[in-house]
Amino acid sequence: MLVYLNGRFVPLDEARISVYDHGYLYGDGIYETMRAYGGRIFLLSKHLSRLRLSADAISLTLPLPLENIGVALNESLTVNKLREAYLRIQISRGIGEIGLDPALCPAPTMVILVKPFKDYPAELYENGVAVAIVKTRRNHPLAQDPSIKSTNFLNNILAKMESLKAGAYEGIMLNWKGYVAEGTISNIFTVKKGVLYTPHLGTGILEGITRDLVLSLAKRRRVRVREAMLRPRDLLRADECFITNTTLEIMPVTIINGKTVGTGRPGPVTAKLLNAYRSEVQRHV
8 MLVYLNGRFV
18 PLDEARISVY
28 DHGYLYGDGI
38 YETMRAYGGR
48 IFLLSKHLSR
58 LRLSADAISL
68 TLPLPLENIG
78 VALNESLTVN
88 KLREAYLRIQ
98 ISRGIGEIGL
108 DPALCPAPTM
118 VILVKPFKDY
128 PAELYENGVA
138 VAIVKTRRNH
148 PLAQDPSIKS
158 TNFLNNILAK
168 MESLKAGAYE
178 GIMLNWKGYV
188 AEGTISNIFT
198 VKKGVLYTPH
208 LGTGILEGIT
218 RDLVLSLAKR
228 RRVRVREAML
238 RPRDLLRADE
248 CFITNTTLEI
258 MPVTIINGKT
268 VGTGRPGPVT
278 AKLLNAYRSE
288 VQRHV
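Numbering (our numbering), first residue to last: 8 to 292.
In structure tokens form, the structure reads like this:
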């Protein structure tokens, strides 16, 4: 694989950044992950817009105009001869002396990683996965704005470690008030009596691009939608549950904290939305 590193493509084993890069030293940076289907990056413009919002939120100057970043992402697919692919772009504050002052870094570091995308096992979508509500709380939004897709991921890593110990596929975090927030790498949805619920943005979560698309698809298919302040008991009493992100698309959840969700099988609303999502992919790609 060839890696895009500050304007050029280099072999993976030759891609190097400085130990003085503030992304390495402090997690001072932003990122986006994307998925390419048939050689086209799905919802590229939305990912680029969010990258810009994250950059602005931490006063980070992007190394290229958004249009040129889009070109670099597509070139990364081309030079690696990939059509079904995972892409990650990461932009750090760059190289600078030790210290927290952003002015220590004269130029950002930009990296694009791509790799072949292998579909998740079909049985996960057929049978659903298990999630666990973890003790690690989501960062307070006044400590770190959830709209920033930051490379500082320790909060999520601690929650992931908990979920792995519980034997779960994903960990679900609560916010500082005990409301359901989001997964370590996903947004969460439930269905109760035909109504689709998902945590309100006011709980302090990232406004996921896949989350937004699912809400739109649901409304177009006359599924009632409510963005709400959910308690853990709302998850445990749900008829259906699923998690979403760019690579998972819509992944059914059939076990929460060791307890069966609904019938123990992916439900009809989940199936309807997954089919709608994949139709949307085909329409765009």
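Backbone N, C-alpha and C define an ideal beta-carbon position, used for all residues, glycine too.
The structure displayed is predicted, hence computed values, not measured ones.
Check whether the Cβ atoms of Leu120 and Arg95 sit closer than 7 Å, and answer yes or no.
The residue labelled residue 120 in the question sits at position 113 within the sequence shown. The residue labelled residue 95 in the question sits at position 88 within the sequence shown. Yes, Cβ-Cβ distance for Leu120 and Arg95 is below 7 Å.
Are the beta-carbon atoms of Asn264 and Ala166 separated by less than 7 Å?
Taking the sequence shown and counting its residues from 1, the one referred to as residue 264 is at position 257. Taking the sequence shown and counting its residues from 1, the one referred to as residue 166 is at position 159. With contacts defined by Cβ atoms closer than 7 Å, Asn264 and Ala166 do not form a contacting pair.
Residues of its chain near Pro123, where Cβ-Cβ distance is below 7 Å and the 5 sequence neighbours each way are ignored
Looking up residue 123 in the sequence shown gives position 116. The beta carbon of Pro123 lies closer than 7 Å to those of Leu89, Glu91 and Ala92 in the same chain, with the five residues before and after it left out.
Environment of Gly274 [buried if 16+ CB atoms lie within 10 Å]
Taking the sequence shown and counting its residues from 1, one reaches residue 274 at position 267. Taking all protein chains in view, the Cβ of Gly274 is crowded by 16 or more other Cβ atoms within 10 Å, so the residue is classified as buried.
Sequence-distant residues of its chain with Cβ nearer than 7 Å to Val230 (five each side left out):
By 1-based counting over the sequence shown, the position of residue 230 is 223. Around Val230, the same chain offers Leu203 and Val276 as residues with beta carbons nearer than 7 Å, after the five sequence neighbours per side are excluded.
Inter-residue Cα distance where the pair is Pro206 and Trp183
Locating residue 206 in the sequence shown gives position 199, where the first residue counts as 1. Locating residue 183 in the sequence shown gives position 176, where the first residue counts as 1. Pro206 and Trp183 have their alpha carbons spaced roughly 14 Å apart.
Give me, in chain order, the residues of the same chain whose beta-carbon lies closer than 7 Å to that of Leu84; leave out the 5 immediate sequence neighbours on both sides.
Against the sequence shown, residue 84 aligns to sequence position 77. Apart from sequence neighbours up to five positions away, the residues of its chain that approach Leu84 with a beta-carbon distance below 7 Å are Ala43, Gly46, Ala92 and Val121, ordered along the chain.
Would you kindly work out how many angstroms separate the C-alpha atoms of Ile179 and Ser193, rounded to a whole number?
Taking the first residue of the sequence shown as position 1, residue 179 is located at position 172. Taking the first residue of the sequence shown as position 1, residue 193 is located at position 186. Taking the straight line joining both Cα atoms gives about 9 Å.
Between which two residues does the beta strand (DSSP E) holding Thr261 run?
The count along the sequence shown starts at 1 and reaches residue 261 at position 254. From DSSP, the beta strand (DSSP E) with Thr261 extends over Glu256 to Ile263.
What residues in its chain sit with their C-beta under 7 Å from that of Gly77, if we drop five residues either side in the sequence?
Reading the sequence shown from its first residue, position 70 is the one you call residue 77. Correct list, in chain order: Leu51 and Leu55.
Measuring CB to CB, does Gly135 end up less than 7 Å from Thr261?
The residue given as residue 135 occupies position 128 in the sequence shown. The residue given as residue 261 occupies position 254 in the sequence shown. Between Gly135 and Thr261, the gap from beta carbon to beta carbon is short of 7 Å.
How far does the alpha helix (DSSP H) with Gln289 in it extend, from its first residue to its last?
As a working note, residue 289 is residue 282 in the sequence shown. Gln289 -> alpha helix (DSSP H) spans Pro275 to His291.
Can you have a look at Arg100 and say buried or exposed, based on whether 16 or more other CB atoms are within 10 angstroms of its CB?
Taking the first residue of the sequence shown as 1, we reach residue 100 at position 93. Classification for Arg100: buried.
Lys122 lies in the alpha helix (DSSP H); which residues open and close that run?
Numbered from its first residue, the sequence shown carries residue 122 at position 115. Annotation for Lys122: no alpha helix (DSSP H) segment contains it, though the beta strand (DSSP E) segment containing it runs Thr116 to Pro123.
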